[in-house]
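This note's numbering applies: residue 19 is where the sequence shown begins, and numbers increase by one. Yeah, the Cβ is synthetic: ideal placement off N, Cα and C, and Gly gets one too. So the structure is just underneath, and the comments pick up after that.
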Amino acid sequence: MPSPADRTDSTLVIGLGRFGSAVAATLDRLGREVLAVESNPSLVRQWTGRIPLVEADATDPEALEQLGATEFGTAVVGVATSLEASVLITGNLVDLETPQIWAKAVSRAHGRILQRIGAHHVVYPEFDAGQRAAHLVSGRMLDYIEMEKGGFTIVKMRSPAELHGFTIGESKVRSRYGVTIFGLMSPGEPFEYATSETLVSASDVLVVGGDASLLERFALRS
């Protein structure tokens, strides 16, 4: 078995549900070396010819070894609806000493199990999408990306009226609200990185970063 340092930078994606197929198709489109593994014949037929794909049962460690799983530096476990299959596949990858294992979880309890058996990264697509939607439904934010749980966040939002006609330096956003304007987008213009001399208008969309709670309060002013 190759040592972790000898693995390639290719990615093995196991499970072609909505999450797994999006990961595999995006990596393939970006020109990254990727191989998808799916045991459901109907999904195999759906994706054959569109992405590199093999039909195999990844809960079987021998099947993983036969398809060359030991050569991959990263594996993504997109199987989550079956807790048993998710745990077995993740455990198999841990046994194969896969350097980076990303696993999808459907609950916090599921995620804790995956972490305990050795998954390096656990993602919660449904939870994250729901949380993001909750921040957007008010209409004050146009996009929301939480970089760290309960910590640094980046949002895209309409410019508050009190900033219109003032430069970022004049509005003292950082000292008054505790957030940082990284850039802005004006209609028909390319993205502009913000400086203290950047003038904000009513039609501008701002890209702002900071603590999530401070960003919420700042967005309420728009």
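Outcome for residue i when other beta-carbon atoms lying within 10 angstroms are tallied against a minimum of 16
i, result
"Ile163", "exposed"
"Glu210", "exposed"
"Lys122", "buried"
"Phe236", "buried"
"Asn110", "buried"
"Glu102", "exposed"
"Thr171", "buried"
"Ala220", "exposed"
"Glu207", "exposed"
"Leu181", "buried"
"Ala54", "buried"
"Gly148", "exposed"
Through-space distance from residue j to residue i, alpha-carbon basis
i, j, result
"Glu51", "Thr108", "21 Å"
"Ala87", "Leu30", "7 Å"
"Ser28", "Phe90", "5 Å"
"Glu215", "Leu154", "29 Å"
"Gly33", "Asp75", "10 Å"
"Arg194", "Val41", "40 Å"
"Pro205", "Asp222", "7 Å"
"Ala93", "Leu71", "14 Å"
"His128", "Asp146", "15 Å"
"Thr77", "Arg192", "51 Å"
"Val124", "Ile135", "16 Å"
"Leu61", "Val95", "16 Å"
Beta-carbon contacts of residue i that lie in its chain and below 6 Å, excluding the five residues immediately before and after
i, result
"Leu45", "Thr29, Val52"
"Leu217", "Thr185"
"His138", "Gln118, Ile119"
"Met159", "His153, Val173, Met175, Ala237"
"Ala81", "Ala74, Asp75"
"Pro143", "Phe37"
"Thr116", "Ala93"
"Met203", "Phe209, Val223"
Cβ distance (whole Å) where residue i is taken to contact residue j below 8 Å
i, j, result
"Leu232", "Gly196", "5 Å"
"Ile199", "Ala212", "5 Å"
"Ala98", "Ile69", "Between Ile69 and Ala98 the Cβ distance is about 20 Å, and since that is not below 8 Å, they are no contact."
Cβ-based neighbour list, residue i, same chain, cut-off 7 Å, excluding 5 preceding and 5 following
i, result
"Gly187", "Ser214, Glu215"
Residue i CB to nearest heavy atom of the ligand NAD below 7 Å
i, result
"Gly148", "The ligand NAD is absent from the structure shown, which contains no ligands of any kind."
8 Å Cβ shell around residue i - same chain, five flanking residues per side excluded
i, result
"Gln84", "Ala74"
"Val105", "Ile131, Leu132, Ile135"
"Ser189", "Glu180, Leu181, Val218"
CB contact check: residue i to chain D, cutoff 8 Å
i, result
"Thr108", "Here there is only one protein chain, and chain D is not present."
Please specify which runs of the beta strand (DSSP E), each continuous and at least 3 residues long, are wholly inside the region 122-156, giving them in chain order.
You should have 139-141.
Beta strand (DSSP E) runs contained entirely in the region 76-117, provided each spans 3 or more residues
90-95, all fully within the region 76-117.
Minimum length 4: unbroken alpha helix (DSSP H) runs contained in the region 166-227
Qualifying alpha helix (DSSP H) stretches, in chain order: 186-189, 191-195.
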